[in-house]
Ligand SMILES: [Zn+2]
Ligand SMILES: [Zn+2]
Ligand SMILES: [Zn+2]
Ligand SMILES: [Zn+2]
Ligand SMILES: [Zn+2]
């Protein structure tokens, strides 16, 4: 009797093991069903009027102009305020404390001006925009610089043909 009971337990364990293996295999097989790229065209199908048979809908991108949008750092000006002199174009001369003179003589450091021209912006207070590379615009991220957005036609699900009822 004891041996028989053990045999039944071993057998049922084996069945459980097999069953769970089968379930695991089935769930692995159920992969995402992809859109059928090539739809069967029959005589009752006609060219989709919405996408004119292309299967794709394109719209101009709302966020840019031909794939470019204005640089948000320089607002299209291609230059930004010089970060070195904070846009002032020059610094106070340290040697003469901005007076232009050291005692009775003119300060040789600043040629008696009291200010030293910023060598980053050459006194203009502006430098080339670092964000857009002085282009004034950057590629639009929304459309990837294409200038338009594109998606599968919802009317024909990207097949380009619809049933002619
Ligand atoms: Zn369509
Ligand atoms: Zn810029
Ligand atoms: Zn500067
Ligand atoms: Zn000076
Ligand atoms: Zn865009």
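Numbering (the working numbering), first residue to last: 3 to 167. A virtual CB, placed ideally from N, CA and C, is assigned to each residue, including glycine.
(1) Should residue 38 be labelled buried (16 or more other beta-carbon atoms within 10 Å of its own) or exposed?
(2) At the level of alpha carbons, what is the spacing between residue 53 and residue 139?
(3) Skipping 5 residues on each side, what residues in its chain have a beta carbon closer than 7 Å to that of residue 68?
(4) So residue 128 and residue 83 are supposed to be a Cβ contact under 8 Å. How far apart are they, rounded?
(5) Would you list the residues sitting across from residue 152 in a DSSP beta bridge?
(6) Please output, in chain order, the residues near ligand 1 using a CB cut-off of less than 5 Å to any non-hydrogen atom of the ligand.
(7) Could you give the DSSP three-state label for residue 70: helix, strand or coil?
(8) So, for residue 208: in the same chain, excluding its five sequence neighbours on each side, which residues have a beta-carbon less than 6 Å away from its beta-carbon?
(9) Residue 58: which of 116, 155 and 164 sits nearest, CA to CA?
This is what the structure holds:
(1) At residue 38 the pLDDT is 42, less than 50, meaning the model places this residue with poor confidence and gives no usable figure here.
(2) 32 Å
(3) 149
(4) 6 Å
(5) 60
(6) 50, 52, 53, 155, 157 and 158
(7) strand
(8) Outside the shown range of the chain, which is 3 to 167, sits residue 208, and nothing can be said about it.
(9) 155
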